[in-house]
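Novice:
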Amino acid sequence: MGRFAVISMTDKAAERVREIMATRENAHGIRLGIKKGGCAGMEYTVDLVTEPNPKDDHIERDGAHVYVAPEAALFLFGTEMDFEQTTLRTGLTFRNPNQSSACGCGESVELKPADLKALAEARAQSAA
């Protein structure tokens, strides 16, 4: 059985995380979280991890390390993190099944928490 992961990441996202880790001293990966803000109510946060927090959920793909803050797990459960580079925007993107709406500029989102029972069952199944 596979290891439990709150989120998944695409190859492009993993490549970008590895690039970030390679260019920052003492970088162990990135940390995803959420905060209140923006016109839709919540914003994703991405921070550099220099000291992993043992309470975070840890996702690793091909040497790319992503940590998910415990308070964000219910809002990020099932999310796929990607990386896009276009003429207008370059950055990490999130396909989140818990997102109910977003503001017009795309900088903030409205998130509903995932089903706590589903999260607990997914964690229990991976531990078995």
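Residue numbers (this note's numbering): 11 to 138.
Note that CB positions come from ideal geometry on N, CA and C, so glycine has one too.
(1) Suppose contacts are defined by Cβ-Cβ distances below 8 Å. Is residue 37 in contact with residue 58 by that definition?
(2) Does DSSP classify residue 37 as helix, strand or coil?
(3) Less than 8 Å between the beta carbons of residue 30 and residue 76, yes or no?
(4) By how many angstroms is the C-alpha of residue 106 removed from the C-alpha of residue 121?
(5) Mapping the DSSP letters down to three states, classify residue 56 as helix, strand or coil.
(6) Just checking my contact of residue 27 with residue 83 at CB under 8 Å: how many whole Å lie between their CB atoms?
(7) DSSP three-state label for residue 27, please.
(8) Is it right to say residue 11 is buried, meaning 16 or more other beta carbons lie within 10 angstroms of its own, or is it exposed?
(9) Just the Cα atoms here: how many angstroms apart are residue 41 and residue 71?
(10) Could you check what DSSP says for residue 94 in three-state terms: helix, strand or coil?
(11) Buried or exposed: which applies to residue 86, given that a residue is buried once 16 or more other Cβ atoms fall within 10 Å of its Cβ?
Specialist: Reading from the atomic positions:
(1) Result yes, Cβ atoms of residue 37 and residue 58 sit closer than 8 Å.
(2) Residue 37 falls in the coil class under three-state DSSP.
(3) No; because the gap between Cβ atoms is not below 8 Å, this pair is not in contact.
(4) C-alpha of residue 121 to C-alpha of residue 106: approximately 9 Å in a straight line.
(5) Secondary structure at residue 56: strand, using DSSP grouped into helix, strand and coil.
(6) The C-beta distance from residue 27 to residue 83 rounds to 18 Å, too long to fall under 8 Å, and the pair is not in contact.
(7) If DSSP states are grouped into helix, strand and coil, residue 27 belongs with the helices.
(8) With a pLDDT of 40 at residue 11, under the threshold of 50, the modelled position of this residue cannot be trusted; read the value that follows with caution. By the 10 Å Cβ count, residue 11 comes out exposed.
(9) One C-alpha to the other measures close to 14 Å.
(10) Strand.
(11) Result: buried.
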